[in-house]
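Colleague:
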Amino acid sequence: SGKEHNFNKYDDKTSDSLNVPYDYTSVMHYSQNAFKNGTEPTIVTNIPDFMDVIGQRMDFSDYDLQKLNRLYNCSSSLSFMDTCSFELENICGMIQSSDDNNEWQRLSQVPAGPNTDHTNMGECEGSGYFMHFDTSTGAAGSTATLESRILYPKRGFQCLQFYFYNSGHESDRLSVWVKEYTSSHPNGTSRLIEEIKGSPASYWQLHHVSLNVSSKFRVVFQGTKGSGLSKGGLSIDDINLSETQCPHHVWHIRNFTHLLNTSPAGTKGRIYSPPFYSSKGYAFQVSLYVNGTADNPLNLAMYLHLISGANDDQLQWPCAWQQGTMILLDQHPDIRQRMSNQRSITTDPLKLSDSSSNYFWDRPDKVGSLETFPNGTEFMRGPGSGTSAFLTHQRLRSRNFIKEDSVYILLTMEDISHLLSTQPSVSPTFVMNTSTANTIKPTTVITTTTTTTTASVTPTEKPETEVPSFCPDNPCENDGVCVIVDNEQVCRCPAGDSWWYMGEKCERKSSTQENTVVAVSSTLAVFVVMLIVTITTAVCLKKKYSQSKENGETLGLEV
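Just so you know, we're using full-length UniProt numbering here: the sequence shown kicks off at 1 and counts up by one.
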């Protein structure tokens, strides 16, 4: 009842499909059980196979993007720059450097690995290529350089994403450069961005490299043979470049199909990510219920936890306005075709725990429980916030979320306090003033295996303490928070998007609607007053003019 308007039908005079076919996968499409008040579905698709397809909320579909581009006349992308899976012989316009004696080769498999490309994983006969630099022959230090076509940035920051396979030796390395072209250096100047090396692995690994380029440039992949004995080499595939920020951390979970098949629902089927640090220095962890919670099985459930870390004594508590974003990556080779699923959690410093009067995002050693890492290190883990319906298993299998039996969860935690329109409700206990904590490091990738590594951030400067603290008693009303400022009690009043409390004790509520009514009333009152003044003035002038005319006529008759 009251939802009937959601099922109104409109003809093509009211609704325009923009010449795009009907889209069952649209993010705007209702699910089969939307607004259901009985046992039967409210929407039945003409094609039964799409009954479980409608209602996805992961991301825009291909047709959604077509409609948006046509509706707003978007002829080019603001953020997309390039993608390449090496399926065509022109290798996306890339060129081999003439300064090397070696070259990157376009192959479909290598005896020492990889056995398939990452794009198709060997599922499509006659296709599936990647670029490979052979390090099994040649002298140590020999190189092969592959340069992209010239690219023209718009935003000044970029994220390079690609898959890397090392079947060579741990001394072999892949270097990512940018060659920038300016008026003062028309032939280009090269700048090393990142060097990738490590032990060989029998699987493709996802890498992110942050670029900060404002002039036209090329991306350069340079492979270098190390001093050790190699049976294979270095391979790259599924390159994507966009003018976006790279994720801060990557959680790589391997053997995921086995976890799906063997993990029970509930806490016994829960796994935890390794510890990560935010740019502000907060330590956090993500929990994943592979087969859902006990109350909501057959879903992925995901939660964000703060954990005790090396910087806790120098940080603001409760943790205020840090937004953690968890993205389950759709590993489609073309970033434009991906429908990744994400959820963001914001640390509200006023949020209270359900079972106590403690602040939910307070110090983990105050509100958390004692836990142990696989290596035996003890730490405190705070409560988790997230969703038990992150993604259904059916949708999990509908895209490229699972590829090479692996999933990737991209993690970012950033400060969003600058987005608040009102003053912060809680003053910081300490202010972080370290170059280590405030610098975004290159994306870290941690693969979940039998062991978990820990990381630490050590402050390099002594923290500055602040005077403000909480009042012994809270006189504030309407969930306001009392803090001490200059030895006086001050109430920090809660506020929403269109409402707020005010007054010494947050006793009065106001809203944009009330302000609008007052503004409109004031405007009308001023208009009425001005109208009365205008009419009065006009009447007076008319009377004066009439009297003057009569006086003039009388004088004329006497003469």
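The beta carbon of each residue, even a glycine, is placed where N, CA and C say it ideally should be. Given the structure is predicted, the values throughout are model-derived calculations rather than measurements.
State the DSSP-derived secondary structure class of L315, mapped to helix, strand or coil.
Modeller: Numbered from its first residue, the sequence shown carries residue 315 at position 315. L315 falls in the coil class under three-state DSSP.
Colleague: Helix, strand or coil: how does DSSP classify I43 here?
Modeller: Within the sequence shown, the letter at position 43 stands for residue 43. Note: I43 maps to coil in three-state DSSP.
Colleague: Whose C-beta lies closer than 8 angstroms to the C-beta of V250 among residues of the same chain, with five residues either side of it excluded?
Modeller: Against the sequence shown, residue 250 aligns to sequence position 250. Correct list, in chain order: L206, H208, Y408, I409, L410, L411, T443, T444, V445, I446.
Colleague: Does DSSP put K403 in a helix, a strand or coil?
Modeller: Position 403 of the sequence shown, counting from 1, holds the residue named residue 403. Three-state DSSP puts K403 in a strand.
Colleague: My output table needs one value for V431: the three-state DSSP class, helix, strand or coil.
Modeller: By one-based count along the sequence shown, residue 431 stands at place 431. Residue placement at V431 cannot be trusted, given a pLDDT of 40 that sits under 50; the coordinates are not used to answer.
Colleague: Count the other CB atoms, across all protein chains shown, that sit within 10 Å of the CB of M339; report buried if there are 16 or more and exposed otherwise.
Modeller: Position 339 of the sequence shown, counting from 1, holds the residue named residue 339. Its Cβ being crowded by 16 or more others within 10 Å, M339 is buried.
Colleague: Quick check on DSSP: helix, strand or coil for C471?
Modeller: Within the sequence shown, residue 471 is the residue found at index 471, counting from 1. C471 falls in the coil class under three-state DSSP.
Colleague: Assign N90 to buried or exposed, taking buried as 16 or more other Cβ atoms, counted over all protein chains shown, within 10 Å of its Cβ.
Modeller: On the sequence shown, residue 90 is found 90 positions in, with the first residue counted as 1. Under this definition N90 is an exposed residue.
Colleague: Is the distance from the Cβ of T25 to the Cβ of V53 below 9 angstroms?
Modeller: Sequence index remark: in the sequence shown, residue 25 carries index 25 (1-based). Sequence index remark: in the sequence shown, residue 53 carries index 53 (1-based). Yes, Cβ-Cβ distance for T25 and V53 is below 9 angstroms.
Colleague: Of all Cβ atoms in chain B, is any one closer than 9 angstroms to the Cβ of N8?
Modeller: The structure shown contains no chain B; it is built from a single protein chain.
Colleague: For T135, which residues of its own chain have a beta-carbon under 6 angstroms away from its beta-carbon, when the five flanking residues on both sides are left out?
Modeller: Translated into the one-based positions of the sequence shown, residue 135 becomes position 135. Closer than 6 angstroms at Cβ, skipping near neighbours: G168, D172, K225, S230, G233.
Colleague: How far does the alpha helix (DSSP H) with Q394 in it reach, from first residue to last?
Modeller: As a working mapping, residue 394 is identified with position 394 in the sequence shown. Unbroken alpha helix (DSSP H) run through Q394: 393–396.
Colleague: With 16 as the cutoff for other CB atoms within 10 Å, does V367 come out buried or exposed?
Modeller: Translated into the one-based positions of the sequence shown, residue 367 becomes position 367. Answer is buried; the Cβ neighbour count reaches 16.
Colleague: Return the CA-CA distance between E466 and H252, expressed in angstroms with no decimal places.
Modeller: Walking along the sequence shown from the start, residue 466 turns up at place 466. Walking along the sequence shown from the start, residue 252 turns up at place 252. With a pLDDT of 38 at E466, under the threshold of 50, the predicted position of this residue should be treated as unreliable, though the coordinate-derived value follows. Taking the straight line joining both Cα atoms gives about 40 angstroms.
Colleague: Using 9 angstroms as the threshold, is the C-beta distance between I416 and T346 below it?
Modeller: Numbered from its first residue, the sequence shown carries residue 416 at position 416. Numbered from its first residue, the sequence shown carries residue 346 at position 346. Their beta carbons are under 9 angstroms apart, which means I416 touches T346 by this criterion.
Colleague: Put Y545 into one of helix, strand or coil per three-state DSSP.
Modeller: Taking the first residue of the sequence shown as position 1, residue 545 is located at position 545. In this structure, Y545 counts as helix in the three-state DSSP scheme.
Colleague: According to DSSP, simplified to helix, strand and coil, what is K509?
Modeller: Here the question's residue 509 lines up with position 509 in the sequence shown. Of the three classes helix, strand and coil, the one that applies to K509 here is strand, per DSSP.
Colleague: Okay, do the segment 256–272 and the segment 343–361 touch, 3+ Cβ pairs below 8 angstroms being the bar?
Modeller: As far as the Cβ criterion goes, the segment 256–272 does not touch the segment 343–361, which means the pair count is below three.
Colleague: With a floor of 3 residues, list each beta strand (DSSP E) that falls wholly inside the segment 272–344, ordered by position along the chain.
Modeller: With a minimum length of 3 residues, the continuous beta strand (DSSP E) runs that stay inside the segment 272–344 are 283–289, 299–307, 322–328.
Colleague: Could you please give me the residues that DSSP links to L411 through a beta bridge?
Modeller: Here residue 411 refers to the residue found at position 411 when the sequence shown is read from its first residue. According to DSSP, L411 bridges with H249, M326.
Colleague: Could you give the first and the last residue of the continuous alpha helix (DSSP H) run that contains Q66?
Modeller: Within the sequence shown, numbered from 1, the residue matching residue 66 stands at position 66. That run of the alpha helix (DSSP H) goes 62–71.
Colleague: So, helix, strand or coil for residue 563, using DSSP?
Modeller: A query on residue 563 cannot be resolved here, the shown segment of the chain reaching from 1 to 559 and no further.
Colleague: What would DSSP say about A538, mapped onto helix, strand or coil?
Modeller: Working through the sequence shown from its first residue, we reach residue 538 at position 538. Helix.
Colleague: Assuming D238 is part of the beta strand (DSSP E), what are its boundary residues?
Modeller: Counting from 1 along the sequence shown, the entry for residue 238 is found at position 238. 233–242 is the span of the beta strand (DSSP E), which, as asked, contains D238.
Colleague: For Q394, is the classification buried or exposed, using 16 other Cβ atoms within 10 angstroms of its Cβ as the cut-off for buried?
Modeller: Position 394 of the sequence shown holds residue 394. Exposed: under 16 other Cβ atoms inside 10 Å.
Colleague: How far does the beta strand (DSSP E) with V219 in it extend, from its first residue to its last?
Modeller: Within the sequence shown, the letter at position 219 stands for residue 219. From DSSP, the beta strand (DSSP E) with V219 extends over 217–224.
Colleague: If I measure Cβ to Cβ from I150 and keep anything under 8 angstroms in the same chain, skipping five residues before and after, which residues do I get?
Modeller: Reading the sequence shown from its first residue, position 150 is the one you call residue 150. Only Y181, K216, F217, R218 meet the Cβ criterion.
Colleague: Since A389 contacts N474 with CB under 8 angstroms, what's their CB separation in whole angstroms?
Modeller: As a working mapping, residue 389 is identified with position 389 in the sequence shown. As a working mapping, residue 474 is identified with position 474 in the sequence shown. No, A389 and N474 are not in contact; Cβ-Cβ is about 35 angstroms, not under 8 angstroms.
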